[in-house]
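2 protein chains.
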Amino acid sequence: MQFQLTDQLIEQVEILIEQKNDKELKKLLDEYHYADIAEILDEVDLEEAMYVIKLLDSETTADILMELDEDNREKVLRNLSAKEIAEEIEELDTDDAADIIAELPEERQYEVISKIEDLEHKAEIKELLKYDEDTAGGLMAKELVKVYETWTVAGCLRRIRGQAKDVTRVHSIYVVDKQEKLVGRLSLKDLITAKSEQKIAELSNANVDYVFVDEEAEEVARIMQKYDLEAIPVIDQERTLLGRITIDDIVDVIREEADKDYQMAAGISQDVEADDSIFKLTRARLPWLLIGVVGGIGAASIIDSFSGNLGPYIILLSFVPLIQGTAGNVGVQSSAIIVQGLANGSIGNNVFKRLLKELLLGLVNGIAIGLLAFIITHFIFGAPYNVSFTIGIALITVIIMAALIGTFIPIFLDKKGIDPAVATGPFITTSNDIFGVFLYFLVAKIILGF
Amino acid sequence: MQFQLTDQLIEQVEILIEQKNDKELKKLLDEYHYADIAEILDEVDLEEAMYVIKLLDSETTADILMELDEDNREKVLRNLSAKEIAEEIEELDTDDAADIIAELPEERQYEVISKIEDLEHKAEIKELLKYDEDTAGGLMAKELVKVYETWTVAGCLRRIRGQAKDVTRVHSIYVVDKQEKLVGRLSLKDLITAKSEQKIAELSNANVDYVFVDEEAEEVARIMQKYDLEAIPVIDQERTLLGRITIDDIVDVIREEADKDYQMAAGISQDVEADDSIFKLTRARLPWLLIGVVGGIGAASIIDSFSGNLGPYIILLSFVPLIQGTAGNVGVQSSAIIVQGLANGSIGNNVFKRLLKELLLGLVNGIAIGLLAFIITHFIFGAPYNVSFTIGIALITVIIMAALIGTFIPIFLDKKGIDPAVATGPFITTSNDIFGVFLYFLVAKIILGF
């Protein structure tokens, strides 16, 4: 089943489009999964993509739309009429439908919604649009299989046959009372393995996991991972069953979250991909580089202010990169561990204990590296004893300082409700550049007394 | 349902353990999900954890074992007899069972396996142990619901009632022919919405996704994400149905992969957590710092060799951190984007195009930063015109170089079959330190001619 996106395949598609050979093109694309077709359309130009989208039936194109690169989807949607978009929407589950509409400009949203014919679908989408995309409400779909506790297994199966038709995947069947409040769950398995005259109330499993509609997406992801859930019902404060979130949406949340943290650690703001435009990539990268420049300039002025009276100790300048590089690496390591710990909750709220631990870690690493540096600078670079000693001590001090800064800043940001991930990468490196170089010369001044 | 791990709760558990108040302890823990109990046991000491494990029934403790921190699980298992472990194993699905056994020391594995009473379970676990843990075979479970194409819906439902009992979650029902070869799939939904006399062959959906047993775990994850699958059957080269992989295991793969890349980018080898021992953390961090030291020393000798005859241009030394920091940041950015692109397949195999793009990006960022540096150094630091010019040009050169190195190395490693993630973080920073400082002085030598 392995799909390989080859240049030949893309070419083949482009040729068929050029020849307007709809029959062959349809035949070719019918062999592929919509996710594969989306990959192909991400590679061809807009006109060609539009041609394919107009060619295929809206059931397929709706799914393709969901899989397209966000930028490409935006372009395609701009080239579709409100009516056409509405037709695609009709084919999508409510959660995907709402996501697509949310990507449209304000005024277009109303236009598209007004063109949706299925009234129930329309109402549900309108409801979903009310919720913040980063909450359970923003993730959930209205499609679910719901039964009343008073029903019998047989009656249930009969009715489910109806409901299930609109539900792509039946994970759990949610049991509600007369007031539509969630009271339990059961699996299709329970249902088909039960006697047909049994009452649902008897089968229903009362300890059903759920999340509130305003719960944060990341928290929902954490819960579903921890409890190995494949779907979770969403309720309001009155326990009214509002919708359900499925694991495939959570997988996306996890992936995006991980990518974001990773890019932050690498000094890349906003979500960019290797194949984004140079402008977009620059916008995401240059600001972080400028932070680094600030650090470099800061360090420069510090060196400047010391270097004047270094005299015989001018060699100290040669080891600035060593100090700075080490400080940066230590800082990034500490902050990364903390950021991850905060993300997966493995960090208690005992900040002091945490700092003490990093202090010890810094001491261990510092002594190891300081000693090494002493030996190398003294015996290989032939630096005088006291200079090598200075460098060694400076490294120990700087490493400890860097470890503490790298630990403290993310915890501090987290407490302040700011995503600690911003504290990794250039941000930490830069602050450590400045502090590191300053400490270095300070220690030197004290020991060598220039 | 939000579970909060509070100090009070842990204390409460510890007190009940101390009082040997089994009745109360059981009553208390019964309220919690096994994943929550695992979190509690991760916090208490080994003796206390063992006490709880011996207290609760093996059905619960088996699940708890799976959720424990790996280090803690190892300790617990060491304190259980082969017979006791075998009892836990009996309660687990084959994939989890195999994972647990794989964590045991060689000689213990045989001992435990020999103590497993359920012969079918034993045979299946032994089979799974043959597969590499990072392959589909290592992820799959033998538990699945299988029907023969010749059966009728009614007969199917009857038999499934039997099979389904040992399957925690029924995702798809896999259809096989007489030779046990995978020929299609159908969902429970299809089954209950079909007429009872229909033949399975009519309902079976022939285009069923699958992976081969030797497929890499990461690739399986990519496939299941791309096609939004919640379970995928695993087959051998003859299409014989061997097992199935469920999305919850894939979620773990994704998470671990993301964590690994993140830590690599931060210069942390092997999987460590904030609450690991100082020794373990040092082992994971110190090596990377040493790479950095090498870079620093390298840069030092370069500076050393130039600084002798800098004369009036001694101020150049002050801007070494600026050059170095910028080179490091650019390198990490480029490599991170590439590593991610390689991971999610958004990077084609046109290396040249990629390098050209980074070249342009470097040029844009370089000119912006070079110009800024020129202005700052000239007007604020009062550096002579030609020195500021030198710094500006050097920055442009260095940034372009750093971008190219950051792009080329991961692509090169990937082609060589090495995980490109190692190329991010300290590794890239270090090589850029050395090249950066060298280029800096080289440019200076050329322009200023000292």
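Residue numbers (UniProt numbering), protein chains in the order written: chain P, 1 to 450; chain G, 1 to 450. Just so it is clear, CB atoms sit at the ideal spot from N, CA and C, and this is done for glycine as well. Fair warning: this is a prediction, and the values are worked out from it, not measured in the lab.
Using a Cβ-Cβ cut-off of 8 Å, Ile297/P counts as an interface residue toward chain G, since at least one Cβ of chain G sits closer than that to its own. At a C-beta separation below 8 Å, Arg161/P has these neighbours in chain G: Ile192 and Thr193. For the beta strand (DSSP E) assignment, the uninterrupted runs of no fewer than 3 residues enclosed by the UniProt domain "CBS" (140 to 202) of chain P are, from N- to C-terminal side, 145 to 148, 172 to 176 and 182 to 187.
Closest by C-alpha distance to Asp249/G, out of Ile232/G, Pro420/G, Ser81/G and Gln237/G, is Ile232/G.
With respect to the 8 Å criterion, Leu129/G and Ile101/G are classified as neighbours on the basis of their beta carbons. Not a single CB atom of chain P sits nearer than 8 Å to the CB of Ile173/G.
Taking all protein chains shown into account, Gly137/P has 16 or more neighbouring C-beta atoms within 10 Å of its C-beta and is therefore buried. Taken in chain order, the members of the segment 268 to 283 of chain P whose beta-carbon sits within less than 8 Å of a beta-carbon on chain G are Ile268, Val272, Glu273, Ala274, Asp275, Ile278, Leu281 and Thr282. Following the DSSP letters along the chain, one finds Pro233/G inside the beta strand (DSSP E) bounded by residues Ala231 to Ile235.
Taking a beta-carbon distance threshold of 8 Å, Lys226/P counts as an interface residue toward chain G. Residue-level contact by beta carbon holds for Trp288/P and chain G, with a gap shorter than 8 Å. Apart from the 5 residues on each side of it in sequence, Ser307/G sits with its Cβ closer than 7 Å to the Cβ of Leu317 in its chain, given in chain order.
One finds Ala336 in chain P with Cβ atoms closer than 7 Å to the Cβ of Gln263/G, taken in chain order. Residues of the segment 302 to 332 of chain P that bring their beta carbon within less than 9 Å of a beta carbon in chain G comprise Ile302, Ile303, Asp304, Ser307, Ile314, Ile315, Leu317, Ser318, Phe319, Val320, Pro321, Leu322, Ile323, Gln324, Gly325, Thr326, Gly328, Asn329, Val330 and Val332, in sequence order. For the options Arg239/P, Leu119/P, Leu182/P and Leu191/P, the alpha carbon positioned closest to that of Thr152/P is the one of Leu191/P. Ala97/P sits buried, since 16 or more C-beta atoms from the chains shown fall within 10 Å of its C-beta. With contacts defined by Cβ atoms closer than 8 Å, Ala327/G and Phe319/P do not form a contacting pair. The residues Thr390, in chain order, have a CB closer than 6 Å to that of Ile447/P in the same chain once the five nearest residues on each side in sequence are set aside. Sequence-distant Cβ neighbours of Tyr51/P in its own chain, meaning closer than 6 Å and more than five residues away, are Ile17. Collapsing the DSSP output to three states places Glu216/G in a strand. Within the same chain, Phe381, Ala383 and Val387 come within 8 Å of Ile315/G by CB-CB distance, once the 5 residues on both sides are set aside. Taken atom to atom, the span from the alpha-carbon of Met401/G to that of Thr429/P is near 20 Å. Across the structure, Pro321/G and Met264/P are spaced so that their CA atoms are roughly 22 Å apart.
Rounded to the nearest angstrom, the Cβ distance from Gly362/G to Phe374/G is 17 Å, too far for a contact under 8 Å.
Under the three-state reduction of DSSP output, Gly308/G falls in the coil class, being neither helix nor strand.
For Asn79/G, not one C-beta of chain P is nearer than 8 Å to its own C-beta.
Around Asn365/P, the beta-carbon contacts reaching into chain G at under 7 Å are Thr282, Arg285, Leu286 and Leu289. Per the C-alpha coordinates, the member of Met140/G, Lys115/G and Ile302/G positioned closest to Glu127/G is Met140/G. When secondary structure is reduced to three states using DSSP, Arg255/G falls in the helix class.
DSSP, read as helix, strand or coil, puts Ile247/G in helix. The C-beta of Asn309/G has fewer than 16 other C-beta atoms within 10 Å across all chains shown, which makes the residue exposed. Rounded to whole angstroms, Thr61/G and Asp209/P show a C-alpha spacing of 21 Å.
Legend: CB atoms of the segment 48 to 61 of chain P lying less than 8 Å from CB atoms of chain G are not found in any residue. For Asp134/G, there are no neighbours in chain P by C-beta distance under 8 Å, as the nearest C-beta there is about 18 Å away. In the three-state DSSP reduction, Leu242/G falls in the strand class (E or B). With fewer than three CB-CB distances shorter than 8 Å, the segment 337 to 345 of chain P does not count as touching the segment 12 to 27 of chain G.
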